[in-house]
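Data block below; observations after.
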Amino acid sequence: MRRIVITGMGIVSCLGNNRQEVLESLRRGRSGIEFIPERKALGFRSALGGRIRNLPSPNIPKRNLRQMGPGSLLAVHATRQALEGAELEPHQIRHERVGVIIGNVGNMQDTYQQCRMFHDKTQKLGGTAEQKVMGDSVSANLSVLLGTRGYSLTVSAACASGAAAIGLAAQLIRTGLQDLCICGGTQEDAWESVCHFDALQAFSVRESEPSKASRPFDKHRDGLVPSAGSGIVVLEELEHAKQRGARICAELIGYALNSDGYDMTNPSGEGSIRCMEQALHEAGIMPDQVDYINAHATSTLVGDAMEAQAIAKIFAKGPYVSSTKSMTGHDAGAAGSNAAV
Numbered sequence: 051m052r053r054i055v056i057t058g059m060g061i062v063s064c065l066g067n068n069r070q071e072v073l074e075s076l077r078r079g080r081s082g083i084e085f086i087p088e089r090k091a092l093g094f095r096s097a098l099g100g101r102i103r104n105l106p107s108p109n110i111p112k113r114n115l116r117q118m119g120p121g122s123l124l125a126v127h128a129t130r131q132a133l134e135g136a137e138l139e140p141h142q143i144r145h146e147r148v149g150v151i152i153g154n155v156g157n158m159q160d161t162y163q164q165c166r167m168f169h170d171k172t173q174k175l176g177g178t179a180e181q182k183v184m185g186d187s188v189s190a191n192l193s194v195l196l197g198t199r200g201y202s203l204t205v206s207a208a209c210a211s212g213a214a215a216i217g218l219a220a221q222l223i224r225t226g227l228q229d230l231c232i233c234g235g236t237q238e239d240a241w242e243s244v245c246h247f248d249a250l251q252a253f254s255v256r257e258s259e260p261s262k263a264s265r266p267f268d269k270h271r272d273g274l275v276p277s278a279g280s281g282i283v284v285l286e287e288l289e290h291a292k293q294r295g296a297r298i299c300a301e302l303i304g305y306a307l308n309s310d311g312y313d314m315t316n317p318s319g320e321g322s323i324r325c326m327e328q329a330l331h332e333a334g335i336m337p338d339q340v341d342y343i344n345a346h347a348t349s350t351l352v353g354d355a356m357e358a359q360a361i362a363k364i365f366a367k368g369p370y371v372s373s374t375k376s377m378t379g380h381d382a383g384a385a386g387s388n389a390a391v
């Protein structure tokens, strides 16, 4: 069985625009959640969110830039960090054994809005609107920009998208279909991407205390807080990494993905239990060998309770458990990959 290692990581978050900034925010307990006046003006029930701040303009050829929406741009920043950390040169990834697998739940909502506005004059949209909104926009844009020639796929699995992309990439490497994958998730910062959750009344309305609004597992939690970002890792077959002298950050020893098969917004918890059991089985370890769990816990009443019960059932005495979403909010398509980074 081929072993899989992580050799590079990159992140863009409301906590910072690289790993060092994000880590410093986490250590200091510095929340990235804020009140966003524009959303209140749009009629949002909750105007809380985690936004990307002070991100430098990317050095991207104009031809590529014109085809990228905000989700792609965030992924470019995180990917470049990951490649730099992995010490990979451009010629090393322009190969059919190198893939790009990205998790995403939606692209360029503002372009969709323009489509509605200019429905009778579509030429105003320009010649790159389609490249921005197509389902595989982010993975396709990254593949073209980097020149990779292996698998190029987009995974859409709601807020598991980023983690699912990493898992799929691991399977491609483990089965010998790829040697290296650039993988993770991205979530654009656009009100159109989150307004439907506001309509569901899924967001916290603790607007007077933005930094304390997202409170996973807390008995006074009243909903999640949406945010944006991107988390990317470089996954590599162990011997491939050794041959090029790569610095190994971690080994991915177990992964699982399944469906609850019950309800989209009110899970039974049975699927979560099975998923953790399957991941432990693949890793070949016992529950008492796990030291820490970064829980999905998004600060919702039902979801957090279900997840806590599932964890308690698998881990009797329990490892340490927390959720970084208390400071980042819920970055949806990037949630799993940002947590991994």
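Under the numbering used here, residues 51 to 391 are what the sequence shown spells out, in order.
Quick reminder that beta carbons are idealized off the backbone N, C-alpha and C, glycines included.
Proximity of Gln221 and Gly149 at Cβ, strictly below 7 angstroms: Your numbering for residue 221 matches position 171 in the sequence shown. Your numbering for residue 149 matches position 99 in the sequence shown. Annotated as distal: Gln221 and Gly149, with beta-carbon spacing of 7 angstroms or more.
For Leu105, I'd like the list of residues in its chain whose CB is within less than 7 angstroms of its CB, leaving aside the five on either flank, ordered along the chain. Translated into positions along the sequence shown, residue 105 becomes position 55. Non-local beta-carbon contacts of Leu105 in its own chain, meaning distances under 7 angstroms to residues more than five positions away in sequence, involve Val62, Asn67 and His127 in chain order.
Could you pull the DSSP bridge partners for Met59 from this structure? As a first step, residue 59 is located in the sequence shown; it is residue number 9 there, counting from the start. Under DSSP, Met59 forms a beta bridge with Val283.
So, using beta-carbon positions, are Gly156 and Ser243 closer together than 7 angstroms? In the sequence shown, residue 156 corresponds to position 106, counting from 1. In the sequence shown, residue 243 corresponds to position 193, counting from 1. Yes; because the gap between Cβ atoms is below 7 angstroms, this pair is in contact.
Identify the residues that DSSP records as bridge partners of Glu327: which are they? Position 277 of the sequence shown holds residue 327. Looking at the DSSP assignment, Glu327 forms no beta bridge with any residue, so it has no partner.
Can you round the beta-carbon distance between Asn191 and Gly279 to whole angstroms, since I take them to be within the 8 angstroms contact cut? Your numbering for residue 191 matches position 141 in the sequence shown. Your numbering for residue 279 matches position 229 in the sequence shown. About 17 angstroms separates the two Cβ atoms, so there is no contact after all.
Best match in Ala384, Tyr312 and Gln293 for proximity to His346 [C-alpha to C-alpha]: Here residue 346 corresponds to residue number 296 of the sequence shown, with the count starting at 1. Selected option, being the one with the closest Cα: Ala384.
Give me the residue from Gly58, Gly93, Arg69 and Glu332 with the minimum Cα distance to Glu134. Stepping through the sequence shown from its first residue, residue 134 is reached at position 84. Ranking Gly58, Gly93, Arg69 and Glu332 by CA distance to the CA of Glu134 puts Gly58 first.
Compare the beta carbon distance of Arg52 and Glu287 with 7 angstroms and say whether it is the shorter of the two. Numbered from its first residue, the sequence shown carries residue 52 at position 2. Numbered from its first residue, the sequence shown carries residue 287 at position 237. Yes, they are a contact pair.
Identify the residues that DSSP records as bridge partners of Gln237: which are they? Taking the sequence shown and counting its residues from 1, one reaches residue 237 at position 187. Answer by DSSP bridge pairing, in chain order: Gly279.
The region 244-254 / the region 292-306 touching (three or more Cβ pairs under 8 angstroms): Cβ pair count under 8 angstroms is below three, so no.
Between Met314, Met326 and Asp272, which lies nearest to Thr348 when the distance is taken from Cα to Cα? On the sequence shown, position 298 is the one that residue 348 refers to. Checking every option, the nearest Cα to that of Thr348 belongs to Asp272.
Nearest-angstrom Cα separation, counted from Leu115 out to Gly319: For the purposes of this step, residue 319 is identified with residue 269 of the sequence shown, where counting begins at 1. For the purposes of this step, residue 115 is identified with residue 65 of the sequence shown, where counting begins at 1. The alpha-carbon separation between Gly319 and Leu115 amounts to approximately 42 angstroms.
Sequence ranges, alpha helix (DSSP H) only - wholly within the region 126-160, length at least 4: Note on the region 126-160: whole alpha helix (DSSP H) runs with a minimum of 4 residues are 140-143, in chain order.
Just the Cα atoms here: how many angstroms apart are Asp186 and Pro260? As a first step, residue 186 must be located in the sequence shown, where it is residue number 136. As a first step, residue 260 must be located in the sequence shown, where it is residue number 210. Near 33 angstroms, if we compare the C-alpha coordinates of Pro260 and Asp186.
State the Cα-Cα distance for the pair Lys112 and Thr178, rounded to the nearest angstrom. Against the sequence shown, residue 112 aligns to sequence position 62. Against the sequence shown, residue 178 aligns to sequence position 128. Rounded to whole angstroms, Lys112 to Thr178 spans 12 angstroms at the Cα level.
Is Leu351 near the ligand ZN, going by C-beta to nearest heavy atom under 6 angstroms? Summarising the ligand content, the structure contains no ligands, and the ligand ZN is consequently not present.
Spatial neighbours of Phe85 in its chain, beta-carbon cut-off 7 angstroms, leaving aside the 5 residues before and after: Your numbering for residue 85 matches position 35 in the sequence shown. Once the five neighbours on either side are set aside, the close Cβ partners of Phe85 are Ala97, Leu98, Glu257 and Pro260.
Identity of the residues DSSP links to Cys231 by a beta bridge: If you number the sequence shown from 1, residue 231 lands on position 181. Gly149 and Leu285, per the DSSP bridge assignment.
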